[in-house]
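Colleague: If you read the sequence shown in the working numbering, its first letter stands for residue 3, the second for the next number, and so on.
Backbone N, C-alpha and C fix where the C-beta goes; we use that ideal spot for every residue, glycine too.
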Amino acid sequence: MTLQDFINKYDYLGSIVLLEGKRHVAEADKEKLKKLGKLLASSTKYISFRSGNADGADFHFVSGVAEIDKDKVSVIVPYTKHRNKFNYAGTTINLEEINLKSELKLVNESKINKKMSKLIEMYVEGDINKNSINAAYILRDTAKVLGTSEFPPASFGIFYDDLSNPMKGGTGHTMKVCVNNNVPFVNQATWFDWL
Numbered sequence: 003m004t005l006q007d008f009i010n011k012y013d014y015l016g017s018i019v020l021l022e023g024k025r026h027v028a029e030a031d032k033e034k035l036k037k038l039g040k041l042l043a044s045s046t047k048y049i050s051f052r053s054g055n056a057d058g059a060d061f062h063f064v065s066g067v068a069e070i071d072k073d074k075v076s077v078i079v080p081y082t083k084h085r086n087k088f089n090y091a092g093t094t095i096n097l098e099e100i101n102l103k104s105e106l107k108l109v110n111e112s113k114i115n116k117k118m119s120k121l122i123e124m125y126v127e128g129d130i131n132k133n134s135i136n137a138a139y140i141l142r143d144t145a146k147v148l149g150t151s152e153f154p155p156a157s158f159g160i161f162y163d164d165l166s167n168p169m170k171g172g173t174g175h176t177m178k179v180c181v182n183n184n185v186p187f188v189n190q191a192t193w194f195d196w197l
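Dropping the structure here:
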């Protein structure tokens with residue numbers, strides 16, 4: 003897929019594109035992520051971008067978009083004040099304000115992360131402690147893809163992954179949710195060629 007192919011297919015009213023990836027970003031790649039954010043924000047008219055406000059790839063992608071138009075990007079945060087001073091998005095959605103008990107698809111899809119399944123159940127039931135708070139990150143990652151009754155699902159995903167050990171951790175979980183729900187995505191093996 004070329005950049006023009008991507009724009010032709012996804013630059014439509016209501017399109018939401020994920021921009022996210024690993025916390026560890028190679029020093030040589032940091033500017034590429036920011037450059038892609040700027041390029042996408044300046045080359046598209048209708049796309050809204052969504053991220054998780056994590057350190058690393060999320061931060062660099064979003065800072066690039068925000069330089070052009072911060073209102074084109076929203077972040078979903080796992081709890082109030084999550085990395086507030088590094089939040090450059092026009093809109094912030096707080097997972098704590100979502101009634102997770104009424105979002106069964108979101109909760110069930112989050113449980114594909116088997117290691118977190120019990121913690122997810124605890125968190126949804128309101129048993130929030132130093133362990134179950136980790137479930138908020140997985141629920142947030144799932145919500146970015148699926149949306150909720152309050153905000154729509156993603157249309158496409160652009161990821162920065164560890165290509166030597168792909169689809170692991172939170173980024174891997176998000177990519178697996180995309181696969182399970184037919185949300186197409188690319189990683190830097192594709193989008194580096196767009197720059």
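Find the nearest neighbour of residue 111 within the set 39, 181, 196 and 8, judged by alpha-carbon distance.
Modeller: Looking up residue 111 in the sequence shown gives position 109. If we check each option's Cα against that of residue 111, 181 comes out closest.
Colleague: How many whole angstroms separate the CB atoms of residue 142 and residue 80, which I take to be in contact at a CB cut-off of 8 Å?
Modeller: Taking the sequence shown and counting its residues from 1, the one referred to as residue 142 is at position 140. Taking the sequence shown and counting its residues from 1, the one referred to as residue 80 is at position 78. Confirmed, about 5 Å.
Colleague: In the DSSP assignment, what residue or residues form a beta bridge with residue 159?
Modeller: Residue numbering aside, residue 159 sits at position 157 when the sequence shown is read from its first letter. Answer by DSSP bridge pairing, in chain order: 20 and 187.
Colleague: Inspect the CB distances between the region 115-132 and the region 53-69 and report whether three or more fall short of 8 Å.
Modeller: As far as the Cβ criterion goes, the region 115-132 does not touch the region 53-69, which means the pair count is below three.
Colleague: Got a sec, what are the start and stop residues for the beta strand (DSSP E) residue 51 sits in?
Modeller: For the purposes of this step, residue 51 is taken as the residue at position 49 of the sequence shown. Where residue 51 is concerned, the enclosing beta strand (DSSP E) stretches over 50-53.
Colleague: What are the boundary residues of the alpha helix (DSSP H) that residue 96 is part of?
Modeller: The sequence position of residue 96 within the sequence shown is 94, counting from 1. Where residue 96 is concerned, there is no enclosing alpha helix (DSSP H), although the beta strand (DSSP E) it sits in stretches over 93-96.
Colleague: State the start and end residues of the unbroken alpha helix (DSSP H) segment that holds residue 70.
Modeller: Within the sequence shown, numbered from 1, the residue matching residue 70 stands at position 68. Run containing residue 70: 59-71, per the alpha helix (DSSP H) assignment.
Colleague: To the nearest angstrom, how far is the alpha carbon of residue 66 from that of residue 18?
Modeller: Translated into the one-based positions of the sequence shown, residue 66 becomes position 64. Translated into the one-based positions of the sequence shown, residue 18 becomes position 16. C-alpha separation (whole angstroms): 17 Å.
Colleague: Output the distance between the C-alpha atoms of residue 179 and residue 59, rounded to the nearest integer angstrom.
Modeller: Counted from its first residue, the sequence shown places residue 179 at position 177. Counted from its first residue, the sequence shown places residue 59 at position 57. Whole-angstrom Cα-Cα distance: 19 Å.
Colleague: Quick one: grab the DSSP three-state call for residue 9.
Modeller: Against the sequence shown, residue 9 aligns to sequence position 7. Note: residue 9 maps to helix in three-state DSSP.
Colleague: Hey, could you find the ends of the alpha helix (DSSP H) residue 179 is sitting in?
Modeller: The residue given as residue 179 occupies position 177 in the sequence shown. Residues 171-182.
Colleague: Mapping DSSP to helix, strand and coil, what is residue 27?
Modeller: Along the sequence shown, read from residue 1 onward, the residue named residue 27 stands at position 25. Three-state DSSP puts residue 27 in coil, outside helix and strand.
Colleague: Identify whether residue 78 lies in helix, strand or coil by the three-state DSSP scheme.
Modeller: If you number the sequence shown from 1, residue 78 lands on position 76. Reduced to three states, the DSSP call for residue 78 is strand.
Colleague: Would you kindly report the start and end of the unbroken alpha helix (DSSP H) that includes residue 125?
Modeller: Here residue 125 is taken as the residue at index 123 of the sequence shown, counted from 1. From DSSP, the alpha helix (DSSP H) with residue 125 extends over 119-126.
Colleague: Could you check which residue in 136, 123 and 194 has the C-alpha nearest to that of residue 162?
Modeller: If you number the sequence shown from 1, residue 162 lands on position 160. Checking every option, the nearest Cα to that of residue 162 belongs to 194.
Colleague: In chain order, what residues of the same chain have a beta carbon less than 6 Å from the beta carbon of residue 15, not counting five sequence neighbours either side?
Modeller: On the sequence shown, residue 15 is found 13 positions in, with the first residue counted as 1. Taken in chain order, the residues that qualify are 48.
Colleague: Please say whether residue 147 and residue 35 have beta carbons closer to each other than 8 Å?
Modeller: Taking the sequence shown and counting its residues from 1, one reaches residue 35 at position 33. Taking the sequence shown and counting its residues from 1, one reaches residue 147 at position 145. No, Cβ-Cβ distance for residue 35 and residue 147 is not below 8 Å.
Colleague: Alpha carbon to alpha carbon, how far is residue 70 from residue 87?
Modeller: In the sequence shown, the residue the question calls residue 70 occupies position 68. In the sequence shown, the residue the question calls residue 87 occupies position 85. If you take the alpha carbons of residue 70 and residue 87, they lie about 19 Å apart.
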